[in-house]
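Let me begin by presenting the structure, written as structure tokens, before commenting on it.
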Amino acid sequence: MSAVLAVDALAKSFGGVHAVDDVSFSLDKGEFLALIGPNGAGKTTCFNMLNGYLKPDGGSVKLNGRELIGLPPRRIWRLGVGRTFQITATFLSMTVRENVQMALISHHRRIYDLFSRATRLYVDEAMALLDLVSMSEQAERPCSELAYGDLKRLELAIALAHEPDLLLMDEPTAGMAPSERIALMALTAGIVEKRGVSVVFTEHDMDVVFAHAHRILVLNRGQLIAEGTGDQIRKNPLVQEVYLGGGSVFEGAGHA
Amino acid sequence: MGFYLAQLLTGLANASSLFLIASGLSIIFGVTRIVNFAHGSFYMVGAYLAYSLVTWLDGGILGFWFSIVLAALLVGVIGLVVELIILRRIYHAPELFQLVATFGVVLIVQDATLAIWGAEDLLGPRAPGLDSAVRILGEPIPEYDLALIAIGPAVLLAIWLVFHRTRWGVLVRAATQDREMVGALGVNQAWLFSATFILGSFLAGLGGALQIPREAVSLQMDLSIIGEAFVVTVIGGMGSVSGAFIAAVLISVLNAFAILIFPQISIVLPFVVMAVVLIVRPYGIFGRPGSEHGGTEDPDQPLRLLSGKGAMMLAAAVMALALSPVFVADFTMILLVDVMVATLFAVSLHFMMGVGGMVSFGHAAYFGVGAYAAAMAVKLLGLGMIPAMLLAPFGAALAALFFGWFCVRLSGVYLAMLTLAAAQILWGVTFQWQDVTGGDDGILGVWPAAWASSDRVYFYIAFALCIGGIWALRRAAHSPFGYVLRGVRDSRIRAEAIGVDTRFHQWMGFTVAGAFAGLAGVVFAFSKGSVFPDALGIAQSIDGLIMVLLGGIHALAGPILGAAAFVLIEDWVTRLDYWRVIFGGIILVIVLLAPDGIAGGVNRLMRLLRRDAA
Ligand SMILES: Nc1ncnc2c1ncn2[C@@H]1O[C@H](COP(=O)(O)OP(=O)(O)O)[C@@H](O)[C@H]1O
Ligand SMILES: [Mg+2]
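Chains as they are written, first to last, in this note's numbering: chain A, 16 to 271; chain B, 628 to 1241.
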């Protein structure tokens, strides 16, 4: 098995609600996997269990054969899992470049260094990462001045700083204009290909999903109801039922 | 048996007094999210007003109770005035600004009280009709205590009825739970806040007024009660009136019995209880998360390394300071040592608050531990000056390591309160532990070694330690460690997501800040030749906060400018009679008109100049 990520029988309930119910899937190296489903389907809950923010009731998550359940988020990050947030989270009192440098500093285990000047460390690596997401021109700007779409791209650069095997992106394009969405995901897809990173992302915009995802998982009320390529998912009657009235979305996606 | 009952009843009577003041504090916090230091002042003014009214009316039972209520009402009006003039403008400011602003009010009220009633303690009359004691199981119990025991729950009931049976009360409760919601309902917030402030101040005034038959009315009443009132509020859960009641009873009764076993405990007991409760229930008994932060700030600007020109200017300033002993008088040199000590202290506090985002109301604890550790190393261990100077900052670091472990589990106002508790515990220990710390008398004769005893030589020792410390902290702020600390402040979730153990990092930041505060304390101890418990007191902590604020919290240079300005202003102002009014006024002007402090003002000026030049 060359699976980068293997999720088995993952489960979590809040009170009586089965937010995630017996979810299993696996992910190959370099695969670009979309996790879709209506609001409240359990996508975020699922993500938060993968990256250690939430403790599952049961199940297992293995990264390259190593169990992740029970590890705190920072350990999971060190094992090679990067993430972006649904609502961007960056260091607003630093410049764009410094935000990336922070991830690099942590990756090189220098966060307890009391003497070097942080802003002079790993400058070239940070600039290379910013180049990758076409943000190098804004490197010296305070992060607090960035437009939302730029923050999303910055988060992508941060998430790639420690050369992760796996990238988790929860609604990476939320809050962006439609044209920006396509651009961001095209960029991400390109990086996936270039670097051989595996990605799991959730997304509302079906255009985006069908355009780039290699494979799609559909979640509804905590359960996986379908899995397959864009064409298979589009034709799946169960999925059509869940997305009732969303049929037009699928039609629109046909020529994306 | 009778004896224990008597202890219990005394405890309950104290609980009633404490509840009255704490409930007002809690209600005000619940609705306005302001931690009101001036609440103790309202309590004190209530006592003074009641004293005057009772002695002036001299009207028997009716006159007494009429005076008490009238005094409380007048305090309510004073509270309204303070709210309208000052607090209304800072509801959306970060908690640090609110705290310091209300402390400015404390200073002003102190001088106003001094001007009106004089410096002498005033012995109040007994309550007519309740001036003797009844015997219960053979023990004499003051009748007035029994009345107080009844008044506490009666007021609790009255507040409950107001909160559950009136529209206004329902709004107050809604606002306490969710401030945004009330705004959304279209309620007139300004009116709601003012009314809340009147009620809260009224309760503080009532608490003070009811105190006159029990204790002398004095100018120390404000700060002596406020610490305990904070504790009760925090234990109960900020914003919860019934929580305040339970906490008041808990503390007072525990205290009544604990002093039987260990008489010295009463000063530290409330703070120990608070520390324990906060560790078990981080938001107090009935508190909810989400209420711990004041308004949000605009994000800081990114740090900049010094430019060539800046470095040259800084080097010139340091050189000028280094050469100053050549051309200034001895007393100026002593003043300059004070400035350097204050600056290092302020920079260490800024490292914790500005860089680390942990607001501390009790930073003096580590300053004081450093000072005491040095003094004790000399006096008890017989060490020389240099070994004592090297050792003592580690003492402060240990204290910070110990208390920091608890503090970083919380955030916002709760963290600040726990730092205050830590400082008060340490203060209580030094104050009470006569044999080791000398208690109130302090430790005398902590003089520098013979070779360093001239003012000039000691100036250079202080210069080396303080400037070295400031430089090290500045370097640390620019280091990966400092950047990560700032990162945790900016976004804990992001810091965790790039592999940072955020709590551990804050803990280490806390410890570093404590160690350097300790270094300042060491220099201080040898420059004064003595140490007293004041070194760990609330006033010293507040001084640090004012320095940081005065200089500007958003700039690394802020605490340096602020501390220098503070010491110079203090040196000048404290020679005047009513210096507190002046100081309080300065504080309010900064908070209300120039919240980015001197550094912010300088920045704006520079930008203006640059624009003109361009
Ligand atoms: N912390 C929580 N407490 C209680 N219920 C929750 C919590 N988080 C999520 N849920 C519930 O779990 C379900 C899945 O939510 P979520 O994972 O956020 O869905 P999605 O991201 O797909 O929109 C929803 O019914 C939601 O109400
Ligand atoms: Mg979601």
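Each residue gets a CB set at the ideal place from its N, CA and C atoms; glycine is no exception.
| For A:Ser151: DSSP bridge partner residues | Answer is none; A:Ser151 lacks a bridge partner.
| In three-state DSSP terms, what is B:Leu846? | coil
| Excluding five sequence neighbours on each side, which residues of the same chain lie with their C-beta closer than 7 Å to the C-beta of B:Ala1002? | Counting only Cβ-Cβ distances below 7 Å, and skipping sequence neighbours, we find Ile1070, Val1073, Ala1152, Val1158.
| said: Please report the distance separating the alpha-carbon of A:Val254 from that of A:Ile240. | reply: Between A:Val254 and A:Ile240, the alpha-carbon positions lie close to 7 Å from each other.
| query | For A:His33, which three-state DSSP category applies? | reply | It is a strand residue.
| Is it buried or exposed for A:His270, if we count other Cβ within 10 angstroms and need 16 for buried? | The predicted position of A:His270 is uncertain, since its pLDDT is 39 and thus under 50; no value can be drawn from it.
| With burial defined as no fewer than 16 other Cβ atoms inside 10 Å of the residue's Cβ, what is the status of B:Val907: buried or exposed? | exposed
| said: Shorter than 8 Å, the distance from the beta carbon of A:Lys70 to the closest heavy atom of ligand 2, or not? | reply: no
| request: Hey, could you find the ends of the alpha helix (DSSP H) B:Ser643 is sitting in? | output: 629 to 659 is the span of the alpha helix (DSSP H), which, as asked, contains B:Ser643.
| query | Is it the case that the Cβ atoms of B:Gly995 and B:Pro1160 are separated by a distance below 9 Å? | reply | Cβ atoms of B:Gly995 and B:Pro1160: closer than 9 Å.
| Are there three or more Cβ pairs, one per stretch, closer than 8 Å when the stretch 702 to 718 of chain B is compared with the stretch 824 to 833 of chain B? | yes
| Once you ignore the five residues that flank B:Ile617 on each side, which residues in its own chain have a CB closer than 6 Å to its CB? | The question about residue 617 of chain B has no answer here: the residues shown for chain B are numbered 628 through 1241.
| Cβ contact (3+ pairs, closer than 8 Å) linking the stretch 117 to 136 of chain A and the stretch 51 to 71 of chain A | no
| Closer than 8 Å: is that where the CB of B:Thr659 sits relative to any heavy atom of ligand 2? | no
| Proximal residues of chain B, C-beta to C-beta of A:Leu136 below 9 Å | By Cβ distance, chain B contributes Pro1107.
| said: Any beta carbon from chain B within less than 9 Å of A:Thr60's own beta carbon? | reply: no
| message | Strictly closer than 7 Å from CB to any heavy atom of ligand 3: give me those residues in the order they appear in the chain. | response | Ligand 3 is absent from the structure shown, which contains only ligand 1 and ligand 2.
| query | By how many angstroms is the C-alpha of A:Thr188 removed from the C-alpha of A:His227? | reply | 13 Å
| said: I need the straight-line Cα distance from B:Phe605 to B:Ile961, nearest angstrom please. | reply: Because chain B spans 628 through 1241 in this model, residue 605 of chain B falls outside it and cannot be assessed.
| Which residues DSSP lists as bridging A:Gly73, in chain order | A:Ala26
| request: Could you check if B:Trp683 is buried or exposed, using at least 16 other CB atoms within 10 Å of its CB as the buried criterion? | output: exposed
| task | Would you identify the three-state DSSP class for B:Met1016, choosing helix, strand or coil? | result | helix
| field | Nearest to B:Ala856 (by Cα), restricted to the options B:Ile655, B:Arg800, B:Gly1009 | value | B:Ile655
| field | Proximal residues of chain A, C-beta to C-beta of B:Pro615 below 7 Å | value | Outside the displayed range of chain B (628 to 1241) lies residue 615 of chain B, so it cannot be described from this structure.
| Proximal residues, the stretch 1110 to 1121 of chain B versus chain A, C-beta separation under 7 Å | Tyr1110, Val1111, Arg1113, Gly1114, Asp1117, Ser1118, Ile1120, Arg1121
| request: State whether the stretch 642 to 655 of chain B contacts the stretch 829 to 845 of chain B, with contact taken as three or more CB pairs (one from each stretch) at a distance under 8 Å. | output: A contact exists between the stretch 642 to 655 of chain B and the stretch 829 to 845 of chain B.
| Can a CB atom of chain A be found closer than 9 Å to the CB of B:Gly1126? | Answer yes: the Cβ-Cβ gap between B:Gly1126 and chain A drops below 9 Å somewhere.
| query | Listed from N- to C-terminal order along the chain, which residues in the stretch 123 to 135 of chain A have their beta-carbon within a distance smaller than 7 Å of any beta-carbon of chain B? | reply | Arg125, Ile126, Tyr127, Asp128, Leu129, Phe130, Ser131, Arg132, Ala133, Thr134
| query | Using the C-alpha atoms, what's the distance from A:Asn235 back to A:Phe62? | reply | 15 Å
| message | Please give me, in chain order, every unbroken run of the alpha helix (DSSP H) with length at least 4 that falls completely inside the stretch 117 to 147 of chain A. | response | 138 to 147
| query | What residues from chain A crowd round B:Phe856, counting only those whose CB sits closer than 9 Å? | reply | Per the sequence shown, residue 856 of chain B should be read as Ala rather than Phe. The contacting residues do not exist; B:Ala856 stays about 35 Å from chain A at best.
| At what residues does the beta strand (DSSP E) containing A:Asn63 begin and finish? | A:Asn63 -> not in any beta strand (DSSP E); alpha helix (DSSP H) instead, spanning 58 to 65.
| field | Selection from A:Arg196, A:Asn114, A:Ser149 that minimises the alpha carbon distance to A:Ala176 | value | A:Asn114
| query | Start and end of the beta strand (DSSP E) containing A:Ala241? | reply | 238 to 243
| task | Round the Cβ separation of B:Leu971 and B:Gly1156 to the nearest angstrom and send it over; I've been treating them as touching at under 8 Å. | result | About 19 Å separates the two Cβ atoms, so there is no contact after all.
| request: Can you tell me which of the three DSSP states B:Ile1125 falls into? | output: coil
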